[in-house]
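A.B. asks:
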Amino acid sequence: LNAKAGRAFHESRLRRVQKLRENSTLTEEDLQAVSMATDQAGQAYAEAEAAWKLVEAGPRKEQIAQAEARLAVQQEVVNGILDQLEKHTIKAPFDGYVTQEFTEVGQWLARGANVVRVAELDYVGIEVMVLENYISELELGEIVRVEVPAIPGKIFEGKIALIVPQGDARSRSFPVKLFMKNEILPSGPLFKSGMFARVNLAVGKSTSATLVPKDAIVLGGQSPLIFVVAPDPKDEKKLIAHPRVVELGVSDGGLIAVKGNLQLGDKVVVQGNERLIPMSPVQITGEIDTVVHSE
Numbered sequence: 065l066n067a068k069a070g071r072a073f074h075e076s077r078l079r080r081v082q083k084l085r086e087n088s089t090l091t092e093e094d095l096q097a098v099s100m101a102t103d104q105a106g107q108a109y110a111e112a113e114a115a116w117k118l119v120e121a122g123p124r125k126e127q128i129a130q131a132e133a134r135l136a137v138q139q140e141v142v143n144g145i146l147d148q149l150e151k152h153t154i155k156a157p158f159d160g161y162v163t164q165e166f167t168e169v170g171q172w173l174a175r176g177a178n179v180v181r182v183a184e185l186d187y188v189g190i191e192v193m194v195l196e197n198y199i200s201e202l203e204l205g206e207i208v209r210v211e212v213p214a215i216p217g218k219i220f221e222g223k224i225a226l227i228v229p230q231g232d233a234r235s236r237s238f239p240v241k242l243f244m245k246n247e248i249l250p251s252g253p254l255f256k257s258g259m260f261a262r263v264n265l266a267v268g269k270s271t272s273a274t275l276v277p278k279d280a281i282v283l284g285g286q287s288p289l290i291f292v293v294a295p296d297p298k299d300e301k302k303l304i305a306h307p308r309v310v311e312l313g314v315s316d317g318g319l320i321a322v323k324g325n326l327q328l329g330d331k332v333v334v335q336g337n338e339r340l341i342p343m344s345p346v347q348i349t350g351e352i353d354t355v356v357h358s359e
């Protein structure tokens with residue numbers, strides 16, 4: 065629009081100047097200057113009009129094809145970079161915790177070099193050496209009692225997952241591997257790699273044993289305790305918790321063998337017992353029928 069208006073202005077001015085020149089009011093030089101300015105305005109308008117027509121017509125097919133070719137080339141460059149990133153990225157084969165690093169950021173690695181050590185701790189493995197006299201008495205899938213000294217006051221259960229048939233000729237013992245499900249806390253896994261564990265295996269001759277629910281055991285003191293509910297000698301209508309010191313044996317599912325001053329039919333506390341003190345008054349809110357004596 066500016067170019068069109070400029071051309072119209074200069075053309076109108078040229079007509080006025082020509083009339084003035086005919087009347088000998090202006091010189092020939094003035095007429096030529098105005099004529100030259102009018103020609104320049106016309107050229108500017110022609111260029112603007114040509115550019116506008118190109119905009120309306122859009123890019124030519126050749127330009128579109130060239131742009132598409134350049135885009136394809138750049139896309140291949142990007143694909144090559146992504147491929148190199150994929151080849152130079154090392155991914156962990158499973159979820160876990162990095163326990164040791166062997167490299168630094170920016171360090172070049174040779175093929176097969178160690179990067180990090182990763183520990184998978186959703187389940188933890190325990191390896192124990194069992195004497196050859198008892199190895200034949202163990203069965204795959206058997207549940208055994210596990211104690212972890214670093215986590216006092218709790219009893220855990222592990223499952224026999226592998227009995228290695230190749231033993232140690234010097235000690236006459238065979239590796240047995242157990243697995244336990246880990247508990248993931250906000251601070252990290254409860255069981256950590258390298259912890260010491262004590263495993264109690266049910267081997268030897270079958271004997272009668274007193275079994276109690278595992279939840280009845282109270283740990284944390286000098287010896288394991290069980291609280292037995294019995295009438296208060298001073299008032300038989302009231303119940304109190306009598307402590308019984310016991311010695312723990314092997315596990316059998318949710319039950320555990322114990323030795324101590326317990327009688328068949330004794331009622332033992334399985335909930336809230338960790339808060340009891342000897343001779344505390346108690347009230348029974350529910351009972352669980354459990355066999356407490358087994359052959």
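Anchor point for the sequence shown: position 103 equals 167 in this note's numbering, and the numbering is continuous, going up by one each time.
From the three backbone atoms N, C-alpha and C, an ideal C-beta is built for every residue, glycine too.
1. Going by C-alpha to C-alpha distance, which of S257, V346, E184, T274 sits closest to L319?
2. Indicate the three-state DSSP secondary structure (helix, strand or coil) for K125 in the structure shown.
3. Which class does L326 belong to by DSSP, given the choice of helix, strand or coil?
4. Check whether the Cβ of V162 sits closer than 7 angstroms to any heavy atom of the ligand NAP, and report yes or no.
5. What would DSSP say about N197, mapped onto helix, strand or coil?
6. What do you get for S287, buried or exposed, if any count of 16 or more other CB atoms within 10 angstroms of its CB means buried?
7. Report yes or no: do the region 173-185 and the region 204-212 share at least 3 C-beta pairs separated by less than 8 angstroms?
8. For E184, which of helix, strand or coil comes out of DSSP?
9. Mind checking V355: buried by the 16 CB within 10 Å criterion, or exposed?
10. Under the three-state reduction of DSSP, which class applies to A280: helix, strand or coil?
11. Report the residue from G222, Y161, V142, E196 whose alpha carbon sits nearest the alpha carbon of P229.
12. Say whether the region 250-262 touches the region 293-301, bearing in mind that this needs 3 or more beta-carbon pairs closer than 8 angstroms, one atom from each stretch.
13. Using alpha carbons as the reference points, say which of V314, D299, G329 lies closest to M343.
14. Against chain B, with Cβ distances strictly below 8 angstroms, would L242 count as a contact?
15. Who are the Cβ neighbours of R236 in its own chain at under 7 angstroms, not counting the five residues just before and after it?
16. CA-CA distance, R234 and F220?
17. Based on DSSP bridge pairs, tell me the residues matched to H306.
18. Measuring only the C-alpha atoms, how far is V210 from V169?
C.D. replies: In this structure, then:
1. T274
2. helix
3. coil
4. The ligand NAP is not among the ligands present in this structure, which contains no ligands whatsoever.
5. helix
6. exposed
7. no
8. coil
9. For V355, the predicted structure reports a pLDDT of 49, less than 50, and the residue's modelled location is therefore unreliable. A value from the coordinates is still provided. The residue is exposed, with fewer than 16 neighbouring Cβ atoms inside 10 Å.
10. helix
11. E196
12. no
13. D299
14. The displayed structure is made up of one protein chain only, and chain B is not part of it.
15. L195, E196
16. 31 angstroms
17. V292
18. 41 angstroms
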